[in-house]
Amino acid sequence: MSLADVQPGSNVRVVEIDGGRGMAGRLSTLGLIPGTEVSVLSRRGGGPVLVALRRSRLAIGHGLARRVRVEPVPESGTGCHH
């Protein structure tokens, strides 16, 4: 599923980025790389998806969010990993 499909309040893990190196590079500078867990804070139709990752919040455009493939994170799997 894509990040654009995730319901607010859900925790997901980035699996892959569907796009070229430029897109993957741009997202990696924001901290959005495969293996990263994010919480979806809000999503409005075709508008941006607001996510929390680490200690930041990011607004990701709908088109870009559709290219971020994610998987659900079980409730017990959330939190910081040291």
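First residue of the sequence shown? That's 0 in numbering that gives the first Met the number 0, and the numbers climb one at a time after it.
A virtual CB, placed ideally from N, CA and C, is assigned to each residue, including glycine.
(1) Within a Cβ cutoff of 7 Å, which residues of the same chain sit near residue 41, ignoring the five residues on either side of it in sequence?
(2) Alpha carbon to alpha carbon, how far is residue 71 from residue 27? Give it in angstroms, no decimals.
(3) Report buried or exposed for residue 58, applying the criterion of at least 16 other Cβ atoms within 10 angstroms of its Cβ.
(4) Within the 8 Å Cβ cut-off, does residue 19 reach chain D?
(5) Return the CA-CA distance between residue 63 and residue 3, expressed in angstroms with no decimal places.
(6) The alpha helix (DSSP H) with residue 27 in it runs from where to where?
(7) Under three-state DSSP, which class holds residue 31?
(8) In whole angstroms, give me the CA-to-CA distance for residue 43 and residue 9.
Walking through what the data contain:
(1) These residues qualify, in order along the chain: 7 and 49.
(2) CA-CA distance, residue 27 to residue 71, rounds to 20 Å.
(3) Exposed.
(4) Judged by its chain identifiers, the structure shown contains no chain D, having just a single protein chain.
(5) Approximately 8 Å between the Cα atoms of the pair.
(6) Taken as a continuous stretch (DSSP letters only), the alpha helix (DSSP H) holding residue 27 covers 20–28.
(7) Coil.
(8) Here the C-alpha atom of residue 43 lies approximately 15 Å from the C-alpha atom of residue 9.
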